[in-house]
Amino acid sequence: MRTLLRIALRSALNRRGTLALVVLSIALATALLLGLERLRGDIRSSFTSAVSGTDLVVGPRTGPVQLMLYAVFHIGSAANTVSMDSVRALAAHRAVDWVVPIALGDGHRGRPVVGTTPAYFAHFAYGDRQPLVLAQGRAFAGSLDGLYETVVGAEVAASQGYRLGRKMVFHHGLQVLPDGMPDQHGDQPFTVVGILAPTGTPVDRTVFVSLQGLSAIHLDWAGGAPLPASAGLKIPAELARKFDLEPRQVTAALVGLKNRAAVFNVQRFVADYPAEPLMAVLPAVALDALWTVVGLGERALLAVSGLVALVSLASLVAVVLAGLNERRRELAVLRAVGAGPRQVLLLLAVEGGLVTLTGALLGAGGAAAAVLLAGPWVQRQLGITLQVGAPTAAQWALFAAVLAAGMLASLVPGWRAYRLSLADGLSPRT
Amino acid sequence: MLSLRDLRYRWPGAAEDSLVIHELDIAAGRTLFLHGPSGCGKSTLLGLLAGVLLAREGRVALLGQDWAALPGGRRDARRADHVGVVFQQFNLLPYLTVLDNVLLPCGFSARRAQRCAGSPRAAAQALLQRMGLPEPLWRRRADALSVGQQQRVAAARALIGGPELVLADEPTSALDGPLRAAFMALLLQACAAAGSTLVFVSHDERLAALFDDRLSLPDLNRAACGTAAA
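As given, the protein sequences belong to chains A and B, one line each in that order.
Every number in the working numbering is 1413 more than the matching position in the first sequence, counting from 1.
Every number in the working numbering is 964 more than the matching position in the second sequence, counting from 1.
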């Protein structure tokens, strides 16, 4: 057995050129499989940890998935609004502990600007009920003094190099403006007064301002467009405070209850609210619904990487089979010195196993390295925290599956060699 | 030592027997020259003697043990224990060193390893010396040697651990005049030293004089010559 292992190793080393290519393709397939599995798990936990401690998300009547998308992930925009009267009515409900309204629609360099109240920082939680933490500075003041103050998420601060005291301006809508085009709200700059600690949730990519601040920059706007300058209605920042800045509408509200048992009561209260069509969704339920949408694509990805693994194993079989004819002499020599056909089969199987194992280990290492290297980038760009750590059970299972499939696949050339060595006897009949 | 009775062999898929031998006995320690043109079943006969091929009918016994009576795995182990083989060419595993090639049978047979004088490694080195292969060559890859040198390495491998039977299938056909003579001398000397029986197959009748016995395969084989694949 030791002799056989040694021969298998030396023989494989002798053909290292071709086998290295096979090892590489198996490594890539394994890395793809393991990496995707890691990504899948982490996307899922990023998703489900995006919001916690919020019992209901209330918004205009639409799909629950859509409401979650803009209220929690700040993706897309609301077609309708919720009036502040409704928000106040909701806050007055006896089961309701707190209500935090949020308003969307503006952006800063592609990041969403969210108008809300300072209560947001007190009540919003993510992951396992972890509260938001200010890494630097403080929350914006809810008063007129804090009108042009802003708190930015960790990613915004890191990517733009923002520190406390930095001035920033907003553009209208979420699209990043083409170069050279001035921000539409450039006349009213905001000052960074707080920077949040990283959370691994959409909060990191968000700019927070007070609802009044949002009102102020839209004072001279009507119907989603600035009033023409000829109308003489340009309102300078210092004058804005003299206007009534109390918001009339918001896009959604996060609701915390005094007692979770009342959640369906309050949900019905919102659904039956007479003044305007509203809906309330349970975040966990909506996140699950959202996940089934996203999960489809993610399962397709996993299927594709499974196919890649299959193709690379097929190439293993093809390469070893193709080399077999040239190795009939080698097999005859082994037969002559006393190797049985079964040992010949074993030799080929061991070779395939070694190639697969090397490839799979390389792939696993590659996947881990990729997570390590690309992790910060993915966190910045996509807001997904990639966990660097011990492989998950699913990853182990995939790794084992690649190995098993490789061993199984190498039985094919092994079997062929077995047949050949039985038929050839001592002299290959080529 | 070797005994064949009423042997019939047919390649799988062939319509006729390619080898039919009524009776053949080879005594221990003898050297036999088996002569015959190509296509007369020489390689087939060697395959049968080595227990790699099995007769359709009849008996092929080495040291009194019929090959066909043993299960496959035991046959392979028995071949490793008692038989050394030298081919026409391509005898060696190109990716192993010369020394490792010689040591191969000891990896498959504990008996061969035990029968080596001293350690298998020492025995292999002694055999290589005897075959006129100097020490600097031992660590080289087998395919770095000339054809003549490779054949001598193959002979050393066939003889390591003193197998009872050495089978040689035209081992000199790739060698020219002086090399051939030198190889023959070394092979016969080494076989005599190890006490091994040598069955040597060749179509080169000039070599026959070097052997104890000579046989013509066309005379021996009752099947029509020239139809077999061998």
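Glycine included, C-beta positions come from ideal geometry on N, C-alpha and C.
Nothing here was measured: the structure is a model prediction, and the numbers come from that model.
To the nearest angstrom, how far is it from the Cα of residue i to the Cα of residue j?
i: V1698(A); j: I1608(A); result: 31 angstroms
i: A1745(A); j: A1138(B); result: 18 angstroms
i: E1689(A); j: D1657(A); result: 24 angstroms
i: A1567(A); j: Q1625(A); result: 23 angstroms
i: G1586(A); j: R1524(A); result: 10 angstroms
i: L1174(B); j: A1157(B); result: 16 angstroms
i: S1424(A); j: Q1113(B); result: 21 angstroms
i: A1665(A); j: V1436(A); result: 53 angstroms
i: P1058(B); j: A1106(B); result: 5 angstroms
i: A1193(B); j: G1005(B); result: In this prediction, A1193(B) has a pLDDT of 44, which is less than 50 and means its spatial position is unreliable; nothing more can be read from the coordinates.
i: G1448(A); j: P1696(A); result: 28 angstroms
i: C1178(B); j: L1760(A); result: Per the sequence shown, the amino acid found at residue 1178(B) is Arg instead of Cys. For R1178(B) and L1760(A), the distance between alpha carbons rounds to 39 angstroms.
i: G1574(A); j: H1521(A); result: 14 angstroms
i: A1025(B); j: I990(B); result: 11 angstroms
i: V1130(B); j: L1060(B); result: 22 angstroms
i: P1132(B); j: F1051(B); result: For the sequence presented, residue 1132(B) should be read as Ala rather than Pro. Going by the C-alpha atoms only, they are around 6 angstroms apart.
i: V1721(A); j: F1486(A); result: 33 angstroms
i: W1031(B); j: I985(B); result: 16 angstroms
i: P1069(B); j: G1751(A); result: 7 angstroms
i: S1834(A); j: L1758(A); result: 9 angstroms
i: L1824(A); j: Q1053(B); result: 29 angstroms
i: P1181(B); j: R1741(A); result: Checking the sequence shown, residue 1181(B) turns out to be Leu, not Pro. Those two C-alpha atoms are separated by around 27 angstroms.
i: A1145(B); j: T1771(A); result: 48 angstroms
i: G1003(B); j: C1080(B); result: 37 angstroms
i: T1191(B); j: A1149(B); result: Its pLDDT being 47, under 50, T1191(B) is placed unreliably in this model, and the value from its coordinates should be taken loosely. Rounded to the nearest angstrom, the two C-alpha atoms are 34 angstroms apart.
Are the beta-carbon atoms of residue i and residue j separated by less than 7 angstroms?
i: V1500(A); j: L1667(A); result: no
i: R1104(B); j: V1062(B); result: yes
i: L1670(A); j: D1510(A); result: yes
i: R1116(B); j: M1095(B); result: yes
i: P1826(A); j: V1733(A); result: yes
i: L1632(A); j: V1605(A); result: no
i: V1066(B); j: I1124(B); result: yes
i: L1557(A); j: R1654(A); result: yes
i: N1493(A); j: P1477(A); result: no
i: T1161(B); j: A1019(B); result: no
i: V1694(A); j: T1619(A); result: no
i: L1446(A); j: A1516(A); result: no
i: A1814(A); j: V1730(A); result: no
i: A1187(B); j: L1017(B); result: no
i: V1512(A); j: Y1533(A); result: no
i: P1602(A); j: V1582(A); result: yes
i: L1703(A); j: M1481(A); result: yes
i: G1819(A); j: T1769(A); result: yes
Using a Cβ distance threshold of 8 angstroms, determine whether the stretch 983 to 1000 of chain B contacts the stretch 1159 to 1167 of chain B, with at least three qualifying pairs required.
yes
Below 8 angstroms, how does it come out for the stretch 1528 to 1538 of chain A and the stretch 1461 to 1468 of chain A: are there three or more Cβ pairs, yes or no?
yes
What are the complete beta strand (DSSP E) segments, minimum 3 residues, inside the stretch 994 to 1025 of chain B?
995 to 999
For the stretch 987 to 1018 of chain B, list every residue whose C-beta sits within 7 angstroms of some C-beta in chain A, in sequence order.
S1007, L1010, G1011, A1014, V1016, L1017
Return the residues of the stretch 1730 to 1747 of chain A that lie within a Cβ-Cβ distance of less than 9 angstroms from chain B, sorted by chain order.
R1742, E1743, A1745, V1746, L1747
Is there contact here, the stretch 1483 to 1501 of chain A with the stretch 1547 to 1564 of chain A, by at least three beta-carbon pairs under 8 angstroms?
no
Is it the case that the stretch 1436 to 1455 of chain A contacts the stretch 1764 to 1781 of chain A, given that we only count it when at least three CB pairs across the two stretches are under 8 angstroms?
yes
Is the stretch 1071 to 1085 of chain B close to the stretch 1044 to 1061 of chain B, with three or more CB pairs under 8 angstroms?
yes
Quick one, which residues of the stretch 1021 to 1042 of chain B are near chain A if we go by CB-CB under 8 angstroms, in chain order?
G1036, G1037, R1039, D1040, A1041
Mind listing, in chain order, the continuous beta strand (DSSP E) runs of no fewer than 3 residues lying wholly within the stretch 1108 to 1135 of chain B?
1129 to 1133
Entirely enclosed alpha helix (DSSP H) segments - the stretch 1649 to 1689 of chain A, minimum 4 residues
1650 to 1653, 1676 to 1684
Can you give me, in chain order, the residues of the stretch 1062 to 1074 of chain B that have a beta carbon less than 7 angstroms from any beta carbon in chain A?
L1068, P1069, G1071, F1072, S1073
Can you give, in chain order, each stretch of the alpha helix (DSSP H) that sits fully within the stretch 1044 to 1100 of chain B and has at least 4 residues?
1062 to 1072, 1074 to 1079, 1084 to 1094
Check whether the stretch 1006 to 1016 of chain B touches the stretch 965 to 976 of chain B, counting contact only when three or more Cβ pairs, one atom from each stretch, lie closer than 8 angstroms.
yes
Chain-ordered residues of the stretch 1754 to 1766 of chain A with a beta carbon less than 8 angstroms from chain B:
P1754, R1755, Q1756
Could you name the residues of the stretch 1154 to 1186 of chain B whose beta carbon sits closer than 9 angstroms to any beta carbon of chain A, in the order they occur along the chain?
none
Is the number of C-beta pairs between the stretch 974 to 983 of chain B and the stretch 1782 to 1792 of chain A that are closer than 8 angstroms three or more?
no
At what residue ranges does the stretch 1547 to 1593 of chain A contain a whole run of the beta strand (DSSP E), taking only runs of 3 or more?
1547 to 1550, 1562 to 1565
Which of the residues in the stretch 1114 to 1127 of chain B, read from start to end, lie with their CB under 8 angstroms from any CB of chain A?
R1121
Segments assigned alpha helix (DSSP H), at least 4 residues, entirely inside the stretch 1497 to 1546 of chain A
1497 to 1504, 1532 to 1536
May I have a chain-ordered list of the beta strand (DSSP E) segments no shorter than 3 residues that lie completely inside the stretch 1595 to 1626 of chain A?
1603 to 1609, 1620 to 1623
Of the residues that make up the stretch 1425 to 1459 of chain A, which ones have a beta carbon closer than 8 angstroms to any beta carbon in chain B?
L1426, N1427
At which residue ranges does the stretch 1732 to 1780 of chain A contain complete alpha helix (DSSP H) runs of 4 or more residues, listed in the order of the chain?
1741 to 1749
Of all the residues that make up the stretch 1126 to 1146 of chain B, which are near chain A by a beta-carbon distance shorter than 9 angstroms?
L1131, D1133
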